[in-house]
């Protein structure tokens with residue numbers, strides 16, 4: 004996988020936006036950026052993915068820099084239930100949907 | 169909302185016993201996966217399955233492991249002779265398509281080998 008680098012942990016106040024960064028400087032032009040999260044040992048949950056353009060869905064927004072070497076996942080109004088480990092993953096195109104999970108970012112949302 | 173279901177939620181077994189973990193993927197999905205997570209460690213890929221055959225497997229997925237889609241709805245992971253180090257959460261996932269499709273994970277089966 005294209006190597007991704009994420010901060011080990013972050014804190015966010017409840018109701019505020021959580022901005023989770025990810026560096027993927029070796030990403031190839033046709034590789035997607037995926038974000039998943041895992042809440043307390045539950046199964047990983049898909050959040051969003053993108054290739055070049057910024058993406059938004061009901062859960063989050065994904066901002067990808069123009070050079071595609073980094074991205075930011077934005078949870079616009081974090082709640083306590085958003086406390087989880089967040090994974091930024093860039094699977095090589097030829098591996099299809101084989102995801103390789105790193106350590107991710109532990110996001111703690113605090114009241 | 170459709171979901172991936174896994175059974176059992178927790179299984180305790182003796183070392184050397186065979187274990188079968190079951191998964192019901194989302195009905196229109198064609199690609200199936202097993203992952204595992206040892207307590208406190210990363211989520212690890214085990215195997216992917218498409219069109220009734222393994223499409224990729226990791227070095228963890230040795231001869232002790234096998235997968236099967238016996239009846240068109242279930243997707244099973246069999247561990248023939250469990251070891252202590254097989255104790256982990258096992259997650260099943262499915263996806264509608266490859267390349268750009270998201271994976272939907274089940275809630276996991278916790279396997280404890282004594």
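Chains as they are written, first to last, in this note's numbering: chain A, 4 to 114; chain B, 169 to 282.
Yeah, the Cβ is synthetic: ideal placement off N, Cα and C, and Gly gets one too.
If only complete runs of 4 or more residues are kept, the region 227-272 of chain B shows no alpha helix (DSSP H) anywhere.
The beta-carbon of residue 9(A) is placed no less than 8 Å from the nearest beta-carbon of chain B. Close partners of residue 200(B) in chain A (Cβ separation under 8 Å) are lacking, with about 10 Å as the shortest Cβ gap. Assigned with DSSP and collapsed to three states, residue 71(A) falls in coil, not helix or strand. If you look at residue 85(A), you'll find it isn't in any beta strand (DSSP E); DSSP assigns it neither H nor E.
With a threshold of 8 Å between beta carbons, residue 47(A) makes contact with chain B. When 8 Å is used as the limit between beta carbons, residue 195(B) is near no residue of chain A, the shortest such separation being about 18 Å. A Cβ-Cβ separation of about 6 Å places residue 220(B) in contact with residue 237(B) under the 8 Å criterion. Within the DSSP secondary-structure output, residue 212(B) pairs in a beta bridge with 204(B).
In this structure the region 24-42 of chain A does not lie against the region 174-192 of chain B, because fewer than three pairs of beta carbons, one per stretch, are closer than 8 Å. Between residue 274(B) and chain A, the shortest Cβ-Cβ separation is below 8 Å.
With contacts defined as CB atoms closer than 8 Å, residue 217(B) and residue 226(B) fail to qualify as a contacting pair. Here DSSP, grouped into helix, strand and coil, assigns residue 39(A) to strand.
Of the candidates 22(A), 49(A) and 102(A), 102(A) places its Cα closest to the Cα of residue 210(B).
The beta carbons of residue 251(B) and residue 183(B) sit about 6 Å from each other, so the pair counts as a contact at 8 Å.
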